[in-house]
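In what follows, a single structure is set out as structure tokens and then discussed.
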Amino acid sequence: MSLFCAQPKAQYLSHKSAIDTAVKRVLDSGTYILGTEVKNFEDEFAAYCDTKVGVGVSSGTEAIHLALRAANIGDGDDVITVSHTATATISAIELVGANPIIIDIDPIHFTLDPTKVANAITHRTKAIVPVHLYGQPADMDPIMDIARQHKIHVIEDCAQAHGAKYKGRRVGSIGDLGCFSFYPTKNLGAIGDGGMIVGNDVYLTDRCRRIREYGWDKERRAIVPGWNTRLDEVQAAILRAKLPTLDTDNKQRRKIADTYDRELGKMDIQTPAQRADCEHVFHLYVIRHQNRDALISHMKKADIYAGIHYHPPVHHHPAYSDRLKIAKNMGCTEAAAAEIVSLPLYPELTNGEVKTIIASLQEFFSERHHD
Ligand SMILES: Cc1ncc(COP(=O)(O)O)c(C=O)c1O
276 MSLFCAQPKA
286 QYLSHKSAID
296 TAVKRVLDSG
306 TYILGTEVKN
316 FEDEFAAYCD
326 TKVGVGVSSG
336 TEAIHLALRA
346 ANIGDGDDVI
356 TVSHTATATI
366 SAIELVGANP
376 IIIDIDPIHF
386 TLDPTKVANA
396 ITHRTKAIVP
406 VHLYGQPADM
416 DPIMDIARQH
426 KIHVIEDCAQ
436 AHGAKYKGRR
446 VGSIGDLGCF
456 SFYPTKNLGA
466 IGDGGMIVGN
476 DVYLTDRCRR
486 IREYGWDKER
496 RAIVPGWNTR
506 LDEVQAAILR
516 AKLPTLDTDN
526 KQRRKIADTY
536 DRELGKMDIQ
546 TPAQRADCEH
556 VFHLYVIRHQ
566 NRDALISHMK
576 KADIYAGIHY
586 HPPVHHHPAY
596 SDRLKIAKNM
606 GCTEAAAAEI
616 VSLPLYPELT
626 NGEVKTIIAS
636 LQEFFSERHH
646 D
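Residue numbers (the working numbering): 276 to 646.
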């Protein structure tokens, strides 16, 4: 069987009975938009994240877009982030009319380098969007310190890090708002699109709730300009069915990552570093190798489809090149983009499949050794 970085169908099959029951419950209820499933899932996921409030939205991109809008960030404001991320992080910033200001990542953990923030701050800076990439928490303490010092917002991009912990705290509960995606391949994935904003600041979360539905109050008067970016009942019910096993799924991801670490550590490969005092949830297992294209081609022959997350960095995409404001030195971002490879990793990956992947890598290195 072909092996990919993620396998959403396997996720469905391992939760099939709970998901089928949940979908039927919604179909039978006759309420398909903003009913009890969304309300309950918002409460359950907010509690899981150790936050007071959750606001279900239609995607992770919309979660970031809406969070920035709720924080009154808009035309002409600057928002500091990274370009070693999904393009969605950048597009969400531009959706409010703000300018993404791109700084470099730290070379070890691939997340926003807090030592580079101070240089990028000007009177226009209104927020920082750290990305907890691959399931690894960004270094939040120094990011929060500098944000508080300059009275700017921190909107966490948690799209790849459901359940990850930074020094004992769940990601999403540290900044002003945390933004999640429930895209099907994510650690908590829907069967379609979905997203959520979590937080403790009632002013901000109330604004998110209002803006996600035309800016309405309870009487359906538009109090602030808004639009429609609701999470729907079917997706919420599916996510409720899967949430109870998120921690065991993440544990299984970490177990597979441990096996990779142990076996790949014997090869000429840089395995992923884990930030001290943090819990990485391995949305992706990303290694580095100087000849990554050859490595990917070799694995393909064994029906293993490794990925690249991401190449090129967002500032080199045609839509953004020559336009985004980037730091002078982007060396760590450029170097990582040229060498990264994501190996298949998801809770349903069997021991046999993990062995096949490791064997293919061993073969790659032994063939090179004999060349
Ligand atoms: C880091 C990151 N941010 C934002 C998003 C956007 O999420 P969505 O695809 O649900 O809009 C994604 C997922 O693609 C992501 O990986």
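C-beta: ideal position from N, C-alpha, C; glycine also. Keep in mind the model is a prediction, meaning the values are calculated, not measured.
Asked: Return the CA-CA distance between A361 and T311, expressed in angstroms with no decimal places.; Found: 32 Å
Asked: Assuming the contact rule is C-beta atoms closer than 8 Å, V473 and A367 should be a hit. Round their C-beta distance to whole Å, please.; Found: So it is not a contact: roughly 16 Å between Cβ atoms.
Asked: Can you list, in chain order, the residues of its chain whose CB lies under 6 Å from that of Y621, leaving out five sequence neighbours each side?; Found: A281, Q282
Asked: Take R528 as the anchor and find which of I355, E609, E623 has the nearest alpha-carbon.; Found: E623
Asked: Report the residue from H425, S641, V404, F385 whose alpha carbon sits nearest the alpha carbon of Y585.; Found: F385
Asked: Would you kindly work out how many angstroms separate the C-alpha atoms of I430 and S641, rounded to a whole number?; Found: 46 Å
Asked: Answer yes or no: do V477 and G490 have a C-beta to C-beta separation smaller than 8 Å?; Found: no
Asked: Helix, strand or coil, according to DSSP, for S334 in the structure here?; Found: coil
Asked: Name, in chain order, the residues that DSSP records as bridge partners for C553.; Found: Y441
Asked: Report the start-end ranges of each alpha helix (DSSP H) in the stretch 514–566 that is 4 residues or longer and not cut off at the edges.; Found: 521–539
Asked: Buried or exposed: which applies to M276, given that a residue is buried once 16 or more other Cβ atoms fall within 10 Å of its Cβ?; Found: exposed
Asked: Please identify the residue among P389, Q545, Y409 whose C-alpha is closest to the C-alpha of K461.; Found: Y409
Asked: Assign T296 to buried or exposed, taking buried as 16 or more other Cβ atoms, counted over all protein chains shown, within 10 Å of its Cβ.; Found: exposed
Asked: Kindly indicate the opening and closing residues of the alpha helix (DSSP H) around D414.; Found: Taken as a continuous stretch (DSSP letters only), D414 belongs to no alpha helix (DSSP H), as it is neither H nor E.
Asked: I'd like the ranges of any alpha helix (DSSP H) spanning at least 4 consecutive residues and lying wholly in the stretch 359–393.; Found: 362–370
Asked: Thinking just about the alpha-carbon of each residue, which of A434, S448, A436 is nearest to the one in M419?; Found: S448
Asked: Mind checking whether the beta-carbon of A434 lies closer than 7 Å to any heavy atom of ligand 1?; Found: yes
Asked: Given a cut-off of 8 Å, decide if V330 and T480 are closer than it, judged by their beta-carbon atoms.; Found: yes
Asked: Between D507 and ligand 1, is there a pair consisting of the residue's CB and a ligand heavy atom that are separated by less than 7 Å?; Found: no
Asked: When you compare only the Cα positions, how much space is there between H645 and D318?; Found: 58 Å
Asked: Once the 5 residues before and after Q286 are set aside, which same chain residues still bring their CB inside 8 Å of it?; Found: P459, G464, K517, Y621, P622, E623
Asked: Cβ atoms of V371 and G349: under 8 Å apart, would you say?; Found: yes
Asked: Within 7 Å: the Cβ of A413 and any heavy atom of ligand 1?; Found: no
Asked: Return the Cβ separation of N525 and V556 in integer angstroms, given the expectation that the two are a contact with Cβ distance under 8 Å.; Found: 4 Å
Asked: Using CA atoms only, rank isn't needed, just tell me which of V561, V589, D414 is closest to L618.; Found: V561
Asked: Can you round the beta-carbon distance between I579 and L278 to whole angstroms, since I take them to be within the 8 Å contact cut?; Found: 5 Å
Asked: Any heavy atom of ligand 1 closer than 7 Å to the beta-carbon of D492?; Found: no
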